[in-house]
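Student: Structure provided below as C-alpha cells; questions to follow.
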Amino acid sequence: MDKSFSSAAAAVADIPDGASLAVGGFGLVGVPIVLIRALLAQGTADLRVVSNNCGVDGWGLGELLREGRISRVIASYIGENKDFARRYLGGELEVELTPQGTLAERLRAGGSGIPAFYTASGVGTMVAEGGLPWRYGPGGEVTVKSPPKETRVFSSLGSPKEYVLEEAIVTDYALVRAARGDRHGNLVFEKSARNFNPVAGMAGRITIAEVDELVEPGELDPDAIHLAGIYVDRIVELSPDEARDLPIEKMTTRPRPAAAASAAPAPAGTDRNEN
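Just so it is clear: in the sequence shown, position 262 is 262 by full-length UniProt numbering, and no numbers are missing.
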C-alpha cells in the first residue's frame, strides 16, 4: 500500500479542532516542523498535545502555542519556553507534567495495547499522591489538580517495593519526523532524532510522518528500521529546503587550538613581533 501524500497540508487536512496529538522530538531535535506548520496554516485549534516538551518560543510546537492553538499539554518539562511557562502560570493552558521515562513508557504502552503499568518513578511524591497543579486561575490559584494514583507493593524484582500505576496514552493522531522512509511507512531515524519519535508514532491512531528522503519498498534494510510501517498511516517527503530547517537550540563554541596558542602570554624575554 502506497501511504505517501503529496504535501503536508494534504496529510493533516482531516485533523479537527480538539484532536489529541502525540508529537515526536526532544528539544529541537527530530521535530516534525513541516507538519506542525501545516496544522498552523489550516487553523486547527484546541489541540491536546503529548510531547516531551512544547518546543521553544516561536519554533516547533511553540508556533502553535504562540497562536493559542493548544489547550492542554502532557509533557516532561517546560524547558526554556517562556511562552509555555507564561500561559501555564497564567491559567491559559492545562499542563500535566510527567516523569520523562514514564511518559515514554505511557506512549509505548498505548501503541502496544497495554492499558496501564506499574513503575517506581513518582512513588512518595505528588505524582502518585496527587495535587500537582494542572491548571491555574487568573489570580494564581490552582483550579485543577492531579488526582491520586493507585499504588501497590510488589516483590517480584527483589525486596518488597511500592509502585504507582500509570495509564497508557493513545492519541487521535501522531506527528513524527524521520530521516528516511519508504512508501509502506517504514521509518529510519537519524541518531538523536530517534528520541520520542518511535513511541509517539506507536501511540497515534493515525500516524503521519515527514521524512527527509522517501524511497521505494525494499530499499531499507529490514534490520535498520526503527518504526515499522504497520504503525504509520501517511508519509510526506520534505523538500531539500524543508529538510534543512534545523535550528540549533544552544550555540556553544570553544577556541581553536591555534587561536588559543596565539592568545597565550608570551614567555619571558620574547617579543611577539620578532621575526
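By construction, the Cβ of each residue, glycine as well, lies at the ideal position given by its N, Cα and C atoms.
The model shown is predicted, which means the values in this text are computed figures rather than measured ones.
Using C-beta distances below 8 Å, list every residue in its chain close to V211, excluding the 5 sequence neighbours before and after it, in chain order.
Tutor: Taking the sequence shown and counting its residues from 1, the one referred to as residue 211 is at position 211. Closer than 8 Å at Cβ, skipping near neighbours: R177, A178, A179, R180, G181, L187, I235, V236, E237, L238.
Student: What separation, rounded to the nearest whole angstrom, lies between the Cα atoms of E162 and A120?
Tutor: One-based indexing of the sequence shown puts residue 162 at position 162. One-based indexing of the sequence shown puts residue 120 at position 120. Their Cα atoms are separated by approximately 7 Å.
Student: Starting from the N-terminal side, write out each stretch of the beta strand (DSSP E) that is 3 residues or longer and does not extend beyond the region 43-109.
Tutor: Counting only runs of 3 or more, we get 47-50, 70-75, 94-97.
Student: Give every residue of the same chain whose Cβ lies closer than 6 Å to the Cβ of I206, excluding the five residues on either side of it in the sequence, and list them in chain order.
Tutor: As a working mapping, residue 206 is identified with position 206 in the sequence shown. Closer than 6 Å at the Cβ level, and outside the excluded window around I206, lie Y173, D233.
Student: Give a yes or no on contact between the region 61-79 and the region 33-41, applying the rule of three or more CB pairs nearer than 8 Å.
Tutor: Touching, yes, given that three or more Cβ pairs across the two stretches are closer than 8 Å.
Student: Using only CA atoms, which one of F117, T151, S76 lies nearest to L97?
Tutor: Within the sequence shown, numbered from 1, the residue matching residue 97 stands at position 97. With distances taken between Cα atoms, L97 lies closest to S76.
Student: What does the alpha-carbon distance come out to for the pair D17 and G111?
Tutor: Looking up residue 17 in the sequence shown gives position 17. Looking up residue 111 in the sequence shown gives position 111. If I take the Cα positions, the gap works out to 23 Å.
Student: Throw me the rounded Cβ distance for the R69 and A45 pair, which I believe falls under 8 Å.
Tutor: Working through the sequence shown from its first residue, we reach residue 69 at position 69. Working through the sequence shown from its first residue, we reach residue 45 at position 45. Right, their Cβ atoms sit about 5 Å apart.
Student: Report buried or exposed for A10, applying the criterion of at least 16 other Cβ atoms within 10 angstroms of its Cβ.
Tutor: As a working mapping, residue 10 is identified with position 10 in the sequence shown. When all chains shown are included, A10 counts as exposed.
Student: Span of the beta strand (DSSP E) holding G204?
Tutor: Working through the sequence shown from its first residue, we reach residue 204 at position 204. From DSSP, the beta strand (DSSP E) with G204 extends over 204-215.
Student: Could you tell me the boundaries of the alpha helix (DSSP H) in which A128 lies?
Tutor: Walking along the sequence shown from the start, residue 128 turns up at place 128. Start and end: 126-129.
Student: Sorted by chain position, which residues of the same chain lie with C-beta nearer than 7 Å to V123's C-beta, five sequence neighbours on each side aside?
Tutor: Counting from one through the sequence shown, the residue named residue 123 turns up at place 123. Around V123: T151, E162, Y163, V164.
Student: So for S192, helix, strand or coil by DSSP?
Tutor: Here residue 192 refers to the residue found at position 192 of the sequence shown. Of the three classes helix, strand and coil, the one that applies to S192 here is helix, per DSSP.
Student: May I ask which residues mark the beginning and end of the alpha helix (DSSP H) holding V29?
Tutor: On the sequence shown, position 29 is the one that residue 29 refers to. No alpha helix (DSSP H) holds V29; DSSP gives it neither H nor E.
Student: When you compare only the Cα positions, how much space is there between N81 and Y88?
Tutor: For the purposes of this step, residue 81 is identified with residue 81 of the sequence shown, where counting begins at 1. For the purposes of this step, residue 88 is identified with residue 88 of the sequence shown, where counting begins at 1. Between N81 and Y88, the C-alpha separation is close to 11 Å.
Student: Straight-line CA distance for R171 to F154?
Tutor: Residue 171 sits at position 171 when you count from the first residue of the sequence shown. Residue 154 sits at position 154 when you count from the first residue of the sequence shown. This sequence places Thr at residue 171; Arg is not what is there. Roughly 30 Å between the two C-alpha positions.
Student: If I follow the unbroken beta strand (DSSP E) through A116, where does it start and stop?
Tutor: Taking the sequence shown and counting its residues from 1, one reaches residue 116 at position 116. 116-119 is the extent of the beta strand (DSSP E) around A116.
Student: Cα separation between K149 and V215?
Tutor: As a position in the sequence shown, residue 149 is number 149, starting the count at 1. As a position in the sequence shown, residue 215 is number 215, starting the count at 1. The alpha-carbon atoms of K149 and V215 are separated by roughly 45 Å.
Student: May I ask you to report which of helix, strand or coil DSSP gives P160?
Tutor: For this step, residue 160 is matched to residue 160 along the sequence shown. The answer is coil: DSSP assigns P160 none of H, G, I, E or B.
Student: Please state the DSSP three-state secondary structure of N273.
Tutor: If you number the sequence shown from 1, residue 273 lands on position 273. Only weak support exists for where N273 lies, its pLDDT of 43 falling under 50; the value from the coordinates is given anyway. It is coil, neither helix nor strand.
Student: According to DSSP, is E166 helix, strand or coil?
Tutor: Position 166 of the sequence shown, counting from 1, holds the residue named residue 166. Three-state DSSP puts E166 in a strand.
Student: Can you look up E237 in the DSSP assignment and give me helix, strand or coil?
Tutor: Translated into the one-based positions of the sequence shown, residue 237 becomes position 237. Strand, per DSSP.
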